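Just so you know, the protein sequences line up as chains Z and S, in that order.
When the letters of the first sequence are read in order and numbered with this note's numbering, they come out as residues 603 to 754.
When the letters of the second sequence are read in order and numbered with this note's numbering, they come out as residues 603 to 754.
Contents: one structure, followed by commentary.
2 protein chains.
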Amino acid sequence: MTRELKTPYLAADVIIELIDHPGRPIVLIERMNPPFGLAIPGGFVDRDQESVEQAAVREAYEETTLTVRLIALLGIYSNPARDNRLHSASAVYVGEAHGTPRAADDAKAVQILLPEEIPAPLAFDHDLVLADYRQFRATGRVAPLRGCLVIP
Amino acid sequence: MTRELKTPYLAADVIIELIDHPGRPIVLIERMNPPFGLAIPGGFVDRDQESVEQAAVREAYEETTLTVRLIALLGIYSNPARDNRLHSASAVYVGEAHGTPRAADDAKAVQILLPEEIPAPLAFDHDLVLADYRQFRATGRVAPLRGCLVIP
């Protein structure tokens with residue numbers, strides 16, 4: 603059955619809040635590889651190796667050198683058009699970390715930004731994700747459920 | 603890059619609350635295919651075709667004939683050992699529907715059960731999912747984030 607089974611590629615991203623910086627800013631990375639631009643740290647989940655939460659913590663560490671504690675699942679972003687390379691579904695978490703990030707692995711540089719300072723457009727659908735995050739930060743509510751099907 | 607990229611197979615399940623039945627019971631299905639047993643309705647997301655939410659609504663419809671409105675993302679269940687066929691990650695939603703389910707597609711039969719009536723063990727890790735759902739139903743809190751990594 604696995605030979606024919608094609609599901610979206612699964613990724614995990616973390617919006618990292620720097621809890622000992624004034625105003626609790628977040629970390630964005632400048633991507634080393636296409637699509638270029640600023641993005642939320644994260645990457646693909648390794649099959650047979652790890653859970654989605656583990657992938658989120660691992661990728662955050664690899665790209666920023668921060669040890670992140672996940673605090674919420676913001677949402678799953680899986681519109682087939684969100685990444686023009688392939689159909690990816692990303693589980694986006696909110697996490698918190700102490701210290702100061704350093705760029706590593708797929709990250710060319712890191713930026714530390716308050717939510718209201720974040721420029722647009724970001725890579726992928728991360729403008730949408732950040733809009734949901736600002737809402738979460740203001741209200742505690744996670745991302746709305748989108749794109750439900752009209753049954754024929 | 604897609605040739606080498608192996609991420610968990612992505613599924614979507616829905617805990618369907620029957621809002622016009624006394625006590626707001628939920629729907630479980632008896633599986634037609636291995637692993638046998640009772641399970642939450644759901645199935646794999648079709649790559650390039652649909653979002654995870656769309657897959658959840660489609661699968662709920664295919665297996666129960668109910669048109670479901672998703673109300674919350676309970677959690678993502680992705681322990682590599684949760685399904686002994688392959689590494690699957692399941693996005694589990696809570697949804698609500700009117701009417702009475704009928705078994706179809708991969709479902710051999712449906713059962714309508716109150717949360718406290720649900721037998722164990724269910725297929726996959728659905729006992730864990732139902733425990734999280736009972737907590738959600740009692741408190742409004744979604745599933746806890748589990749299995750985070752200890753960074754070396």
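Ideal Cβ positions, reconstructed from N, Cα and C, are used throughout, including at glycine.
In this text the structure is predicted, and so the values were computed from the model without any measurement.
Would DSSP call residue i helix, strand or coil?
i	result
Z:R660	helix
S:L732	helix
S:P754	A caution first: S:P754 carries a pLDDT of 42, below 50, which makes its placement in the model unreliable, though a value can still be read off. DSSP places S:P754 in coil when its eight states are reduced to three.
Z:R633	strand
S:A725	coil
S:Q553	One cannot answer for residue 553 of chain S here, as it falls past the ends of chain S, which runs 603 to 754.
S:V654	helix
Z:E606	coil
Just to confirm, are residue i and residue j a CB contact at a threshold of 9 Å?
i	j	result
Z:T667	Z:H700	no
S:E619	S:A705	no
Z:L715	Z:A693	no
S:F726	S:V696	no
S:P746	S:G677	yes
When the Cα atoms are used, what is the spatial distance from residue i to residue j?
i	j	result
Z:L688	S:E719	43 Å
Z:G732	Z:A662	Here residue 732 of chain Z is Leu; the residue named in the question, Gly, does not match the sequence. C-alpha separation (whole angstroms): 17 Å.
Z:P637	Z:V712	16 Å
Z:D734	S:R671	21 Å
S:E665	S:D650	22 Å
Z:E606	S:D615	20 Å
S:Y679	Z:M634	30 Å
S:T609	Z:V647	5 Å
Z:S690	Z:G644	12 Å
For residue i, return the contacting residues in chain S, with the cut-off set at a CB-CB distance below 7 Å.
i	result
Z:P610	L612, V647, R649
Z:L620	What Z:L620 touches in chain S: nothing, since even the nearest Cβ is about 17 Å away.
Kindly list, in the order they appear in chain Z, the residues whose Cβ is closer than 7 Å to that of residue i.
i	result
S:S680	S653, V654
Determine the chain Z residues that contact residue i at a beta-carbon separation under 9 Å, and present them in chain order.
i	result
S:H700	Ordered by position in chain Z, no residue passes the 9 Å Cβ test against S:H700, which lies about 13 Å from the chain.
Just to make sure I have the definition right: I need the residues of chain S whose C-beta is within less than 9 Å of the C-beta of residue i. Which are they?
i	result
Z:R748	S653, E655
Z:L724	Ordered by position in chain S, no residue passes the 9 Å Cβ test against Z:L724, which lies about 20 Å from the chain.
Z:A693	I678, S680, A691, A693
Review point. Just checking, does the stretch 615–634 of chain S make contact with the stretch 653–663 of chain Z on the three C-beta pairs under 8 Å criterion?
Key: no
Check your understanding: Are the stretch 723–732 of chain Z and the stretch 669–685 of chain Z touching by the rule of at least three beta carbon pairs closer than 8 Å?
Key -> yes
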